Amino acid sequence: MAEKKKRSLGRWVLVAGILLLLVAVWYFSDSTRAVDRAKRIEGLVLVNSLVKAVENFQMEYDRLPDIGAVQIPSDGPAGEMFLGILTGAEESQRDLQNLRSIVFLQGKEAKDRKGGLVYGPDDRVKAIYDPFGNPYMVILNAKKEDSLVFQYGDQNVMLRGKGVAAYSPGKDGKLNTPDDIRSWN
1 MAEKKKRSLG RWVLVAGILL LLVAVWYFSD STRAVDRAKR IEGLVLVNSL VKAVENFQME
61 YDRLPDIGAV QIPSDGPAGE MFLGILTGAE ESQRDLQNLR SIVFLQGKEA KDRKGGLVYG
121 PDDRVKAIYD PFGNPYMVIL NAKKEDSLVF QYGDQNVMLR GKGVAAYSPG KDGKLNTPDD
181 IRSWN
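Be aware that the sequence shown starts at 1, since it is given in the UniProt record's numbering, and climbs by one per residue.
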């Protein structure tokens, strides 16, 4: 009889352990999804701040920033030049575009190249990354056409009446997936 109670108790311990494990998996997977959602929202704030900075520059100077490209990654030499214009900290004083050195873009500093602005040793913004560590791609309507048309992953996007759009691939690093961070719907 004692042997039978031990087996029965052992089964209950096993069942309770499995249930506890399932609850833990559910809890932690749900909290991971919540963290990912919060990071995506943070990314949307950043991408819209970037777009708004370009729009405000355009309103102030009646033109878009010009670095010789219409697709600008938010890191690398082109991104650094572009961000210098938007932060009022252009390197070349000879051909200034932001004549009044207005700070159109500001935000929190990135941690480990994630979720914000990356500063160099000279205190100039060098890059901006989404919360997952991806640079944004900024698309400019340099020809001032009625619609901003560009390739986004494997699809063409047309945004009527827009001068700028920006995006990043989000957590999975792939374009055209539900976790993308985009400045348009």
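Cβ atoms here follow ideal geometry from the backbone N, Cα and C, with glycine treated the same way. Please read all numbers here as calculations on a predicted model, not as lab measurements.
DSSP on residue i, reduced to helix/strand/coil?
i           : result
residue 161 : coil
residue 53  : helix
residue 80  : helix
residue 106 : coil
Find out if the Cβ-Cβ distance for the pair residue i, residue j is shorter than 8 Å.
i           : j           : result
residue 120 : residue 108 : no
residue 72  : residue 79  : yes
residue 104 : residue 48  : no
Between which residues of its own chain and residue i is the CB-CB distance below 6 Å, once the five residues before and five after are set aside?
i           : result
residue 153 : 175 and 176
residue 114 : 129, 131 and 133
residue 41  : none
What's the gap between the Cα of residue i and the Cα of residue j?
i           : j           : result
residue 126 : residue 81  : 8 Å
residue 31  : residue 37  : 10 Å
residue 76  : residue 65  : 17 Å
residue 237 : residue 165 : The chain is shown from 1 up to 185; residue 237 falls before or after that span and cannot be answered.
residue 155 : residue 35  : 29 Å
residue 162 : residue 18  : 54 Å
Cβ pair count under 8 Å reaching 3, the segment 86-96 against the segment 131-142: no
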